[in-house]
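Engineer:
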Amino acid sequence: MGKVIGIVSGKGGVGKTIFSVNLASTLAKKGFSVLLIDTNVTSPNISFFVGSPIKRYTLTDVLSGECNINDSIYAYTKGNFSYMPSSLSINKLYKVSISKLKSIVDALKTQYDYVVLDGPANMGGEFLEVVRASDELAVIATPDIISVTDALRVLEFGRRHGRKIIGLIINKYEQKDYNLKVKDIELLAGDKLFGAIPRDENIKMSLVKRAPVCLLYPKTNSTFAFEQIACKIAGLPVPIKKKNLWDKICFWND
1 MGKVIGIVSG
11 KGGVGKTIFS
21 VNLASTLAKK
31 GFSVLLIDTN
41 VTSPNISFFV
51 GSPIKRYTLT
61 DVLSGECNIN
71 DSIYAYTKGN
81 FSYMPSSLSI
91 NKLYKVSISK
101 LKSIVDALKT
111 QYDYVVLDGP
121 ANMGGEFLEV
131 VRASDELAVI
141 ATPDIISVTD
151 ALRVLEFGRR
161 HGRKIIGLII
171 NKYEQKDYNL
181 KVKDIELLAG
191 DKLFGAIPRD
201 ENIKMSLVKR
211 APVCLLYPKT
221 NSTFAFEQIA
231 CKIAGLPVPI
241 KKKNLWDKIC
251 FWND
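Per the UniProt record's numbering, the sequence shown runs over residues 1 to 254.
(1) Let me check one thing: in DSSP terms, what residues is residue 76 bridge-paired to?
(2) Do you know whose CA, among 78, 80, 56, lies nearest residue 71's CA?
(3) Pick helix, strand or coil for residue 94, following the three-state DSSP scheme.
(4) Using 8 Å as the threshold, is the region 191–199 in touch with the region 152–171, meaning 3 or more CB pairs across them?
(5) What whole-angstrom Cβ distance do residue 154 and residue 4 have, given they're in contact under 8 Å?
(6) Would residue 49 and residue 199 be called neighbours here (beta carbons separated by less than 8 Å)?
(7) Does any residue of chain C have a CB that is nearer than 8 Å to the CB of residue 19?
(8) Could you tell me which residues DSSP pairs with residue 156 in its beta bridges?
(9) Consult DSSP for residue 240 and reduce its assignment to one of helix, strand or coil.
(10) Straight-line CA distance for residue 112 to residue 2?
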């Protein structure tokens, strides 16, 4: 039986989809079978990162009863993982029954080591169903007070619904006066952060090239951070790159 990891956030613009795609790719590199599902049905984005935005069948069609589950699963050969996109067409949204998500995910988790759910960027109906369908939740935020505060609400919601919390992960992290410092974020959260992804301009290029940054730029600090987080999630030894400036702020290795 595989493990279902919900990737969620309290607001948009934090890089949740980028994190989901790179987590799936990194877990696959470690030898795990991985399915990435775009559960942000109303604003899907995953297809753009795997180079194929238009597919005949999607999760949207499964939720509408228009096709079988396996019809909407595709292989991303570059990253050695499978993915299930959602439709970019708004015409299909009217038939969607998002309450079916958990039963769909439950059927799929028997076929993979990890099912990664890229969730919506708010706490609406889709979010509730992603929480229901997940075994564990990773909450993504950026290092600003609004994003972190929203993320803490998501963390509390997950705990109240009995989900295992992987932790808070800060994306687009850089040491700037206008950003919250690590110690401040941990003080607000009441716990150590699970990890952080440094701001990396290569991530923007990964969208242009429609491939995960961890595949395009394997030597960058962001790729190294994705690997550390993936190893922690999978219970593998966490790599440490010595004598590197980024390691000096890699607080999750303390």
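All C-beta atoms, glycine included, are put in the ideal place defined by N, C-alpha and C. These figures come from a predicted structure and were not determined experimentally.
Structural biologist: With the structure as the only source:
(1) The partner list for residue 76 (beta bridge, DSSP) reads 81.
(2) The shortest Cα separation from residue 71 among 78, 80, 56 belongs to 56.
(3) Helix.
(4) The region 191–199 and the region 152–171 touch, with no fewer than 3 CB-CB distances between them shorter than 8 Å.
(5) Not a contact, Cβ separation roughly 17 Å.
(6) It is not a contact, given that the beta carbons lie outside the stated cut-off.
(7) Among the protein chains of the structure shown there is no chain C, as only one such chain exists.
(8) Per DSSP, residue 156 has no beta-bridge partner at all.
(9) Annotated three-state conformation of residue 240 is coil, per DSSP.
(10) One C-alpha to the other measures close to 5 Å.
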